[in-house]
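Below: one structure, written as structure tokens.
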Amino acid sequence: MSEAATLARPPAGVPQDRIVDFDIYNPFHGQHDLHVAWTQLRDSTPHEVVWTPYNEGHWIALSPDLINQVYSDATRFSSRVVLVPKSTAGEAYGDFIPLSLDPPEHRPFRKVLNDKLYGSAIHPLEPKVRKLTVDLIESFVANGRCDFVHEFAEELPLRVFMQLVDLPVEHLPKLKHLADQFTRPDGSITPAQATEAFKAYVHPIIEERKAKGGNDLLTHIATSEVNGRPMTESEAARLAIQVLVGGLDTVVNFMSFTMRLLAQAPEVQARLAANHDLHHAAINECLRRLPLVSSAREVVADVEVDGVTLARGDMIVAPTELYALNPEMNADPLKYDLDRKVRNHMAFGSGNHTCPGQFLARMEMKVLLEEWFARIPRFELEPGQTLRHRGGIVGGCEPFVLRWDVG
Ligand code: HEM
């Protein structure tokens with residue numbers, strides 16, 4: 140282990156063989172693939188739950204069953220705090236709703252999001268998403284290469300998101316920087332400062348939308364009722380911030396993981412270019428093979444799990460990566476297989492907090508594959524570049540260059 144000063148002391152009674160050298164923000168040991176890093180941790184121990192001294196010390200669930208329980212059993216695992224380190228990122232993020240609320244308080248706030256993010260509400264956005272997608276691809280297709288993360292992945296979902304909430308595109312860099320402080324802090328400001336900056340940004344917008352009206356998600360939040368009363372201004376701001384944080388990082392990174400993987404799979408590319416009916420299966424297989432969220436929960440009361448006691452107030456991280464990448468859930472789990480009959484995954488979580496943005500995310504992915512393969516049927520990674528994933532609550536890809544033949 141490195142940087143001993145930042146490591147927490149194990150709780151009394153934790154057996155030595157439960158303690159692992161694993162930092163979720165830098166999980167790499169000798170290689171830089173996020174999904175391999177998680178499977179290496181799982182394969183290094185026979186246990187279902189282990190403890191790491193990084194990030195103030197926390198448990199990590201390793202078995203699919205326990206990962207599912209952590210997300211879906213709020214009576215034992217509360218989402219009052221969902222990030223580690225608990226005292227910094229976790230407590231700051233705990234101000235946001237609905238993710239920080241357990242049932243039954245969670246439900247009315249979640250309904251407000253469902254109204255605007257579920258299937259039929261998202262459908263009318265598709266032409267705009269398609270136009271943004273086509274414009275971006277057309278901007279670099281003749282070059283025969285692109286820096287996919289910077290030129291596409293960081294552009295498209297963020298622009299779509301800004302349309303959903305009707306905010307100006309010029310605000311994107313600031314919002315992205317603030318959102319990143321929760322999922323992959325860079326140390327430039329504390330999570331508490333990021334929360335304050337978010338609130339200062341959102342409050343006047345909520346005020347304005349309340350007065351002006353409109354058809355966007357932020358206006359809907361600002362003017363909605365919960366439990367038969369208008370939402371308070373503070374609640375509306377905290378809900379709006381949650382949507383911003385949830386929607387800003389995840390699709391960017393999922394698209395990047397997807398295109399990096401496809402760039403290394405020419406035979407899959409050939410099938411997707413020839414048959415757009417396969418795109419649906421391709422996206423599902425990417426969700427199964429490339430899950431990227433490792434959220435956490437706070438232990439509600441002392442509880443015995445897999446022969447150890449998790450104490451009240453302890454944090455437990457549940458990597459969605461290890462749900463789908465377990466051979467009992469999916470045979471040969473690291474293999475990208477378009478023809479799988481069954482796909483078990485938890486890329487969008489499980490239980491009350493299952494991602495409400497999944498319909499938008501899937502639609503963006505569908506449009507990306509359709510428009511990309513219509514213009515760039517074959518592509519590859521530019522040789523000689525260093526390829527690295529990034530760890531974190533939401534994993535990601537370091538920038539990479541794709542290239543293809545022109546004409
Ligand atoms: C591929 C893209 C995405 C992935 C993989 C993803 C994944 C997840 C996961 C795993 C959770 C559960 C977290 C937990 O229980 O601790 C979640 C919740 C959430 N996501 Fe997403 N998400 C994606 C896209 C989006 C988008 C586009 C939005 C917004 C438009 C969004 C908004 C949210 C919100 C608001 C929650 C909290 C829901 C609640 O507490 O009830 N997500 N997401």
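Heads up, the sequence shown is in our numbering, so the first residue is 140 and it goes up one at a time. Glycine residues also receive a C-beta, built at the ideal position from the N, C-alpha and C atoms.
Report task. Could you check how far apart the C-beta atoms of Val304 and Leu252 are, in whole angstroms? I think they sit under 8 Å. Result -> No, Val304 and Leu252 are not in contact; Cβ-Cβ is about 12 Å, not under 8 Å.
Query - Cβ separation of His488 and Val432, assumed to be a contact under 8 Å, to the nearest whole Å - result: What sits at residue 488 in the sequence shown is Gly, not His. That belief holds up - the Cβ atoms of Gly488 and Val432 are roughly 7 Å apart, short of 8 Å.
Query - Inter-residue Cα distance where the pair is Thr448 and Leu201 - result: 16 Å
Query - Ordered list of beta strand (DSSP E) runs contained in the segment 419–452, each at least 3 residues - result: 433–438, 442–444, 447–449
Requested in this report: Pull up the CB-CB distance for Ser218 and Leu238, whole angstroms please, since I reckon it's below 8 Å.
Outcome: 6 Å
**Report entry** Sequence-distant residues of the same chain with beta carbon closer than 7 Å to Ser141, five excluded per side
**Finding:** Summary for Ser141: the model assigns pLDDT 38, below 50, so the residue's position carries little reliability; its value from the coordinates is reported in the next sentence. Closer than 7 Å at the Cβ level, and outside the excluded window around Ser141, lies no residue.
**Report entry** Run of the beta strand (DSSP E) containing Val456, from where it starts to where it stops
**Finding:** 454–458
Requested in this report: Report the residue from Arg246, Gly283, Glu424, Met398 whose alpha carbon sits nearest the alpha carbon of Gly367.
Outcome: Arg246
Requested in this report: Please determine, among Gln302, Phe235, Asp286, the residue with the shortest C-alpha to C-alpha distance to Leu264.
Outcome: Gln302
Query raised in the report: Can you pull the DSSP bridge partners for Ile158?
Result: Trp190
Report task. Report back the beta-carbon spacing between Asp388 and Val175 to the nearest angstrom; my notes put them in contact at under 8 Å. Result -> Contact doesn't hold; Cβ gap of about 21 Å is too wide.
Query raised in the report: Are the beta-carbon atoms of Leu473 and Arg428 separated by less than 9 Å?
Result: yes
**Report entry** Terminal residues of the beta strand (DSSP E) in which Leu541 lies
**Finding:** 540–542
Requested in this report: Would you mind working out which of Phe279, Lys250, Ala336 sits nearest Trp543, comparing C-alpha positions?
Outcome: Phe279
Requested in this report: Pull up the distance between the alpha-carbon of His342 and that of Arg148, whole angstroms please.
Outcome: 40 Å
Query raised in the report: Can you tell me whether DSSP reads Asp476 as helix, strand or coil?
Result: coil
Query raised in the report: Can you find a heavy atom of ligand 1 that lies under 8 Å from the Cβ of Arg249?
Result: yes
Query raised in the report: Is Leu205 near ligand 2, in the sense that its beta carbon is under 8 Å from a heavy atom of that ligand?
Result: Because ligand 2 does not appear in the structure shown, any question about it cannot be addressed here, the ligands present being ligand 1.
Query raised in the report: In three-state terms, what does DSSP make of Gly386?
Result: helix
Query raised in the report: Does DSSP put Ala143 in a helix, in a strand, or in coil?
Result: Residue placement at Ala143 cannot be trusted, given a pLDDT of 43 that sits under 50; what the coordinates show is reported in the next sentence. If DSSP states are grouped into helix, strand and coil, Ala143 belongs with the helices.
Query raised in the report: Is the CB-CB distance between Ala463 and Arg482 below 9 Å?
Result: yes
Requested in this report: Check Phe396 in the structure and name its three-state DSSP category.
Outcome: helix
**Report entry** Beta-carbon proximity of Leu306 to Leu314, cut-off 9 Å
**Finding:** yes
Query raised in the report: If you compare alpha carbons, which of Glu347, Val221, Gly385, Cys536 is closest to Leu297?
Result: Gly385
Requested in this report: Go ahead and pull the three-state DSSP assignment for Val220.
Outcome: coil
Report task. Check each candidate in Asp182, Leu173, Glu230 and name the one with the smallest Cα separation from Glu195. Result -> Glu230
Query raised in the report: What did DSSP end up calling Ala200 once you bin it into helix, strand or coil?
Result: strand
Query raised in the report: Where does Asp182 fall in DSSP's three states?
Result: helix
Query raised in the report: When the cut-off is 9 Å and only beta carbons count, does Glu309 lie next to chain B?
Result: In the structure shown, chain B cannot be found, because there is only a single protein chain.
Report task. Hey, could you find the ends of the alpha helix (DSSP H) Arg284 is sitting in? Result -> Arg284 -> not in any alpha helix (DSSP H); beta strand (DSSP E) instead, spanning 284–286.
Query - Where Gly258 falls: helix, strand or coil (DSSP) - result: helix
Query raised in the report: So what does Cys494 bridge to, in DSSP terms?
Result: Paired residue(s): none; Cys494 is not in a bridge.
Query - Per-residue burial, Lys225 [other beta carbons within 10 Å of its own, 16 or more giving buried] - result: buried
Requested in this report: Look at Thr178 and Arg157 and say whether their C-beta atoms are less than 9 Å apart.
Outcome: no
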